[in-house]
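Structure record follows, encoded as structure tokens.
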Amino acid sequence: MTGRLIGAIEAGGTKFVLAGAREDGSVIAETRIATRQPEECFREMVAFFRHVAHAHGAISAFGVASFGPIDIDPASADYGRFTTTPKPGWAGARFHDALGEFGGPIIVDTDVNGAALGEWALGAGQGCRTLAYTTVGTGIGTGVVQDGHSLAGFSHFESGHIPVTHDPARDPFPGRCPYHGDCLEGLASGPAIEERWGASLSKLASPAEQIDLIAGYLAQLAANLVLLHMPDRLVFGGGVMKAPGLIEALRLATERRLGGYVQAPQLDPGLERYIVTPGLGDEAGITGAVLLGKRALG
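In case it helps, the working numbering puts the sequence shown at residues 3 to 300.
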């Protein structure tokens, strides 16, 4: 294990994954903490990195891949600060304030951009120029990476909040997004699924109809990603996507929705090679955070 020390943070809606890694990517310490109020999470986070620094030497840089909405513009005075996040208590919290005592540079990006970077470099996106990574879990979000750099405009993308076609006769659930009600996240996230049916897709006794419904919502996003970004591959991860049969249903629904309009070698019949699960599994996000920290080293 060689090289300078990196602090890596994957901040998710349910848990934080924290790691200390060397410049060559080798992880020397890792832990997980539950996502609660920022003062609690930041206190535990800082304590972990103090321990890592005491045991292994000074931390030279940090890479943060976080839930949002969060300011990811390095030129902004609020870089690294949460903005209109629906997670209670987190609006206004800032990673730089918590990590400032370590003195190193900090790169902050979204959790899905971090996961996309990890998959692009070391997972299911290897060999792709443009890769889109979508997580479907506590929330829904998409990161798009091109040539190793995440795409954004004045802020990061918010694919979970796109409007989707919602037939109340088939699905009377009104949605649970506090901002938009029945946007994609309001209808197809893990909490929306459990609020609607009382259990996750994986725990439903006969989930075929429910799988088909959720796949139809997610296919609207998948088709839009194809039409807007033309990625070489789509990766769908997160806890909801672990439900048996969902990835297969998503492929079929996406292919139907595209209707043969886009013809390209990447779009194989059945989309089995085009829409895939993460090659890094649950490690995609923290892998991306390590890569962001390595980039912060310059």
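Where is the CB? At the ideal position from N, CA and C, for every residue including glycine.
Looking only at its chain, what residues have a beta carbon closer than 6 Å to the beta carbon of residue i, apart from the 5 residues adjacent to it on each side?
i	result
Asn115	Gly145 and Ser152
Leu189	Gly177 and Tyr219
Ile72	Phe84
Pro209	Leu203
Thr136	Thr144 and Phe238
If I measure Cβ to Cβ from residue i and keep anything under 7 Å in the same chain, skipping five residues before and after, which residues do I get?
i	result
Val228	Leu260 and Val264
Ile213	Leu203, Ala245, Gly247, Leu248 and Ala251
Ala31	Ala21, Gly22 and Val54
Gly183	Pro176 and Gly177
Please state whether the Cβ-Cβ distance between residue i and residue j is less than 8 Å.
i	j	result
Gly291	Val138	The amino acid occupying residue 291 in the given sequence is Ala; Gly does not appear at that position. Cβ atoms of Ala291 and Val138: not closer than 8 Å.
Gly141	Phe97	no
Ala217	Ile277	no
Arg297	Ile109	yes
Glu12	Phe18	yes
Ala79	Thr86	no
Asp113	Gly240	no
Ala126	Val237	yes
Spatial neighbours of residue i within its chain, please: CB distance less than 8 Å, with the 5 preceding and 5 following residues excluded, ordered by chain position.
i	result
His231	Thr132, Ala134, Val146 and Leu153
Ile61	Leu7, Ile8, Gly9, Gly22, Phe51, Val54, Ala55, Phe104 and Gly106
Gln222	Ile164, Val166, Thr167, Leu186 and Arg259
Arg172	Leu215
Leu299	Arg6, Ile8, Glu25, Ser62, Ala63 and Pro107
Of all the CB atoms in chain B, is at least one closer than 8 Å to the CB of residue i?
i	result
Ile213	Considering every chain present, this structure includes no chain B. It has just one protein chain.
Look at the alpha carbon of residue i and the alpha carbon of residue j, and state the distance between them as a whole number of angstroms.
i	j	result
Leu254	Gln39	40 Å
Val29	Gly295	12 Å
Ile195	Ala201	7 Å
Ala63	Ala77	18 Å
Lys89	Val48	21 Å
Pro280	Cys179	26 Å
Glu46	Ile35	8 Å
Arg198	Ala95	31 Å
Lys205	Glu42	32 Å
In chain order, each beta strand (DSSP E) run of at least 3 residues that lies wholly inside the region 59-125: 61-68 and 108-112
Decide if the region 115-134 is in contact with the region 276-294; the criterion is three or more beta carbon pairs, one per stretch, under 8 Å apart. yes
Please give the ranges of any beta strand (DSSP E) in the region 201-274, keeping only runs that are unbroken, at least 3 residues long and fully inside the region. 235-239
Counting Cβ pairs closer than 8 Å, one from the region 232-240 and one from the region 266-281, do we hit at least three? yes
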